[in-house]
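All letters in the sequence shown, in the order written, are residues 163 to 1343 by the numbering used here.
In what follows, a single structure is set out as structure tokens and then discussed.
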Amino acid sequence: MLTLSILSPPSHCYRPCPDASSRSPLPPKSFLRLGFCCFRLLRTPTPNHLPQSRRSYKFPRSIFRPEPQLSDADEEEEEEEADDEDDDDEEEAADEYEYVAGDVVDGAEQSEDEFESSLIGASGPKPPFEEFKWQRVERLRNEVKAFGEQIIDANELASIYDFRIDKFQRLAIQAFLRGSSVVVSAPTSSGKTLIAEAAAVATVARGRRIFYTTPLKALSNQKFREFRETFGDSSVGLLTGDSAVNRDAQVLIMTTEILRNMLYQSVGMFSSESGLFHVDVIVLDEVHYLSDISRGTVWEEIVIYCPKEVQLICLSATVANPDELAGWIAQIHNKTELVTSSKRPVPLTWHFSAKTSLLPLLNEKGTSMNRKLSVNYLQLYSSGIKPDKDDRSRKRSSRKRRSEMSYDINANVNGQNLSKNDINTIRRSQVPQVIDTLWHLHPRDMLPAIWFIFSRKGCDAAVQYLEDCQLLDECEMSEVELALKRFRIQYPDALRESSVKGLLRGVAAHHAGCLPLWKSFVEELFQRGLVKVVFATETLAAGINMPARTTVISSLSKRSESGRVLLSSNELLQMAGRAGRRGIDERGHVVLVQTPFEGAEECCKLLFSGLEPLVSQFTASYGMVLNLLAGGKVTRRSNESEGMKAAQTGRTLEEARKLIEQSFGNYVGSNVMLAAKEELAKIQEEIEILTSEISDEAIDRKSRKLLSDRAYNEIADLQEELRAEKCLRTELRRRMELERISALRPLLEELKDGHLHFMSLQYSDSEGTQHLVAAVYLGKVDSLDGSKLKNMVYANDSFSLNIVKLEVPRSDSKRQHNVETSYHVALGSDNSWYLFTEKWVKTVYKTGFPNVALVHGDALPREIMAMLLDKGEMQWQKLAGSELGGLWCMEGSLETWSWSLNVPVLSSLSEEDEVLQFSKAYHTAVECYKDQRNKVSRLRKKIARTEGFKEYKKIIDKAKFTEEKIQRLKVRSDRLMSRIEKIEPSGWKEFLQVSNVIHETRALDMNTHTIFPLGETAAAIRGENELWLAMVLRNKVLLDLKPAQLASVCGSLVSEGIKVRPWKNNSYIYEPTTTVTKVVDFLDEQRSSLLQIQEKHGVQIPCFLDSQFSGMVEAWASGLTWREIMMDCAMDEGDLARLLRRTIDLLAQVPKLPDIDPLLQSNAMSAFNVMNRAPISELAG
């Protein structure tokens, strides 16, 4: 292959002749990609040509500490673990692929060799001339022209690659060649695109067309470049909202929304205009996006509307229910075969990073967590206590103990359960800095790495933190400097000056706040090995071809609009799948990092939780309803008269309903739900049978049968007495609770206006582990007038409190007490807010925060904390509940962190500090309860000494075993019920609701199916709320606007999700002109009317209108340079670029929309031409 050095002058870059017969052995033009990054040859290591030495990286000596030494036993144990892992790798079963097909031909090749990373012919003599892939494709095309389509088979298609393809790839290609549609489910980076590429080769060779769809514009651009390298410039086209290049090409790359809009026409009366002529194959890449809440509908619509003669190739990451997806497509489209692969070509090793160590996350067998990562072990390590040197003998002596009792990961060195606060304290002490984890990756040769951090600010901060670490050698630094120089010359405004220093050190950030051109630059440097660590948000995991040796996942949770949420198992595996470069790395590495609230236990729980299924997100939109109901029926103004006339017949409601009911959700609902309900019924029946076997009557019958009359009567009498004593014990415990709450209520009432006292909260979780939490008391919720918390507690039934009636036994009778509790709020030392009743307060201390302003004139601490509480998202999680009220928890913010750090740990507070004084009645109740508890214990011991207890114990033990089985069945039952609940109805109700809005706004007459000009415009537009956009663009008020002002108004319609970055101090944004502000205010009245109509019919499609950033759009459309507009700007470059691209996309649609005033179309085109310039104009290839 030709090697192009980055030091080579541009004149050395040749373009091949378009004539295939005269092509030189050079790659096509697009191989060069962006002009500022020429490729250099990086020799691909193979088993026969492995590098002899590791690359050395330069670090300042002051940055890294000497690596802590493990004990000899630890080292031996780790070596054994490594050996065991190697043995396990060699013993893996050969049959790691599953193949499911509709009608599988007997004798289909099932004995293909496993994946081999070595190149064909690597061990033999190399040919004197090595063909490029595009040359092999061209040769196959010429052979098909000469000998016919019948020569195309799996072997012919496999021959265009210089390596042996995997079994699942071959099976998928064979299914495609049989004429079936194919669903492929395989891990990230396993080579699914090869299947689509092979299908494209076969389709192009036949002289037909193939559409390749992706969910992202960036991914479409990437596939466009890659396919041009294979097929040449003339055979590949691109169609996105921004670009249209060679749209009649045989291989057309596009975004899914573009294809959906084409299919709207193909299911109507104008299929000749749909662009689907001569299309044999449609590839749906990243089809697991079908579960995406905001965009999943598009994938379902494509499958539903797609002509049945077109083959579908659906490429998906591993999901739990690929069989359901394949079954659905087979039912509504055509014959479909499923090919799945569970094995990655480059296996993954999972690690866990703490402050001073990088250890395997899993045990030797990979079945559970590495015991060295338990909280107990971390506590020993952080306290400086070294494990026994004779670790082997200790393990042997403890095997019997471990077999008799489970290992408690939350037990401390004294065998006592650790509280949540203790666990968090230990975890906080083990949280590593970025440099700590990198220090472990570097000497282990685990770079390059993609480091996922779920915030832009975190990514940029990490780059700055590592600016003193040199990861590049001098040669690599020179290459980066040259690439930067070329980039600066070609795209001076796109250079991210704040990232240059990091790039020269080998680190970079990649997130939505960066310009697309800069992100492409970082991606190419990373692929060439000139960036060793990329700090990225999770968007990088979505399909972009940027594999690394290691992925680091900094946290298991991320912030969302609804608060902080845990990653799903699919998201975790999607990010982890970026690790391991095929043909380069023998193993990929995934590093999970200790955080203050997430440790190895949570990592393993998520990792072993299993894949999530694809779930239908099918919802009706205005565009869908208008295109389906109106079909090819349109109304036009006649040139001869002002009247309206209709042409052709639209689709009836019944026909539309048949299409809607073909959704994936309906398929799952009709087939899977039936099977799930049958299994659920069997489980519940088994639970009823087993429950009857452990009832008191059943145990009594078994005891009577096994025991003698004397032994039975003795145990029966004692058991009856035990039941009565246990009931009395329960009543006494309730009395004790009553007396404790009676003492607490007046005390907490006194504290509401004074200092903020410390207190201790106590609860037991669902597993019975008791937790103690130190907190600072803020006050009673009722005293927080006007707060969001008070309003929520009163409005939400989940927080309702009832008056509890307690019958307290007395010497001669029972007296009834009414107990009424209230909610209180406190901030815990773990930076969590706690909402609780008096039931959960263990004690209150004298010390606390003085309620005195820190600086004269400032607010009081109580007022500040109340304000910080009110700023929270009110996402409360229930920790425990009782008849006396629940205990709830909500994560604090960065602003509350400093307050929580000043809350002392409970061990530093003594009993002498307690201010809570209990009454004599309470101490009496405690003594009565203790006496009764001892009485119950003595009675149990007495039963254990009876004559027939051994036989009776066997019955009880068997009942306990049965009870455990019932619990397992209930877990399965709950999972099935949850699965059934997620199965959505058909969506027909929502379709009718949207139809009613369309009818009332005079976009479409639902009785005659006559589409009016408003509906015609809305049917042709692309956007989240097509009807609202059409109403705005047809408004005459826009005709008086200049092009820049029109662009500004359009920007107000598409600025959803764009934000000002609060950490950018002394920054500003341009304000819109007065004319634009008046127009937006006028449109807001129209928006309110539409929202009222939507609310009337139960439709919840947002109508966006926000002029906050309209001035930025107007400034850019007026001709300001990028440097001028970004100077001290409060927006990230990527956000502004995204807003401008959305505006450009909307403006580009206006000239093509029907029934729009020509003046508005002309102004829109003028604004488009001014705005679509560097650095936001995207490159097509």
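Heads up, the beta-carbon is just placed ideally off N, CA and C, and yes, glycines get one too.
Just so you know, these numbers come straight off a predicted model, no measurement behind them.
Alpha carbon to alpha carbon, what distance is there between residue j and residue i?
i     : j     : result
P1175 : V1241 : 22 Å
K1221 : Q689  : 31 Å
D1032 : K1008 : 27 Å
S1131 : L421  : Looking at the sequence itself, residue 1131 is Leu, so the reference to Ser does not match. Those two C-alpha atoms are separated by around 45 Å.
S591  : S1062 : 16 Å
K681  : A360  : 29 Å
S342  : I335  : 10 Å
S1324 : D410  : 27 Å
P654  : S1217 : 26 Å
F1271 : W1190 : 19 Å
S994  : L1049 : 12 Å
I877  : F759  : 49 Å
E1045 : N964  : 8 Å
L452  : L687  : 32 Å
L1022 : R618  : 34 Å
Can you tell which of the options has the C-alpha that lies nearest to the C-alpha of residue i?
i     : options                       : result
S1055 : V501, L1030, L1208 and Q632   : L1030
I903  : I845, A818, E912 and K1001    : K1001
R1303 : K1314, A1279 and C1291        : A1279
G948  : E1025, V1003 and L1309        : E1025
A936  : Q924, R298 and D324           : Q924
S1072 : R303, N483, F920 and R744     : F920
Y1232 : A1192, G1219 and L1282        : L1282
W490  : T701, Y829 and L644           : Y829
V1003 : L934, E1257 and F1011         : L934
I322  : R1335, K1120, G310 and E293   : E293
A320  : V306, A308 and K295           : K295
V625  : S660, W601, K1092 and S865    : S660
G1273 : V1261, G1260, I1287 and I1263 : I1287
On the DSSP letters alone, give me the boundaries of the beta strand (DSSP E) that residue i sits inside.
i     : result
G990  : H986 to G990
I475  : Q473 to S478
W1278 : Unbroken run through W1278 is the alpha helix (DSSP H), S1272 to A1279; no beta strand (DSSP E).
Per DSSP, what kind of secondary structure is residue i in: helix, strand or coil?
i     : result
G1047 : coil
G620  : helix
D447  : coil
H602  : helix
D248  : Residue placement at D248 is poorly supported in this model, since its pLDDT is 40, which falls under 50; the coordinates still yield a value, given next. Three-state DSSP puts D248 in a helix.
P207  : A caution first: P207 carries a pLDDT of 40, below 50, which makes its placement in the model too unreliable to give a value.
P1205 : helix
E1218 : coil
I1173 : strand
P678  : helix
S434  : Low local confidence applies: a pLDDT of 42 at S434 is under 50, so the model's placement there is unreliable, with the coordinate-based value given in what follows. In this structure, S434 counts as helix in the three-state DSSP scheme.
A878  : helix
K1008 : strand
If you follow the alpha helix (DSSP H) that residue i is part of, which residue opens it and which one closes it?
i     : result
S1062 : L1056 to L1063
K1151 : W1150 to E1162
A936  : That residue, A936, is in no alpha helix (DSSP H); its beta strand (DSSP E) goes Q932 to K942.
Y784  : Y784 to A792
Should the stretch 1197–1217 be regarded as contacting the stretch 1317–1335, the criterion being three or more beta carbon pairs within less than 8 Å? Yes, the stretch 1197–1217 is in contact with the stretch 1317–1335.
Say whether the stretch 1161–1173 touches the stretch 828–843, bearing in mind that this needs 3 or more beta-carbon pairs closer than 8 Å, one atom from each stretch. These segments do not touch.
Between the stretch 514–523 and the stretch 344–351, can you find at least three pairs of beta-carbon atoms closer than 8 Å? A contact is defined here as three or more CB-CB pairs under 8 Å, and the stretch 344–351 fails this definition with respect to the stretch 514–523.
Pairing CB atoms from the stretch 445–453 with CB atoms from the stretch 306–315, are three or more of them under 8 Å? Taking 8 Å as the limit for Cβ pairs, the verdict is that the stretch 306–315 does not touch the stretch 445–453.
Closer than 8 Å is the cut-off here; do at least three beta carbon pairs connect the stretch 726–734 with the stretch 498–510? Note that the stretch 726–734 does not touch the stretch 498–510; fewer than 3 beta-carbon pairs, one per stretch, sit closer than 8 Å.
Specify whether the stretch 661–680 and the stretch 641–651 touch according to this definition: at least 3 beta carbon pairs, one from each stretch, less than 8 Å apart. The stretch 661–680 vs the stretch 641–651: in contact.
When you compare the stretch 301–309 with the stretch 362–376, are there three or more beta-carbon pairs, one atom per stretch, that lie closer than 8 Å? Yes, since at least three Cβ pairs between the stretch 301–309 and the stretch 362–376 fall closer than 8 Å, the two stretches touch.
Should the stretch 744–759 be called in touch with the stretch 1120–1131, which here means at least 3 C-beta pairs below 8 Å? Put simply, the stretch 744–759 does not touch the stretch 1120–1131. Fewer than three CB pairs are less than 8 Å apart.
If you pair each beta-carbon of the stretch 468–485 with each one of the stretch 735–744, do three or more pairs fall below 8 Å? Output reads yes: the stretch 735–744 touches the stretch 468–485.
So, does the stretch 937–957 touch the stretch 984–998, judging by three or more C-beta pairs under 8 Å? The stretch 937–957 makes contact with the stretch 984–998, as at least three CB pairs between them are under 8 Å.
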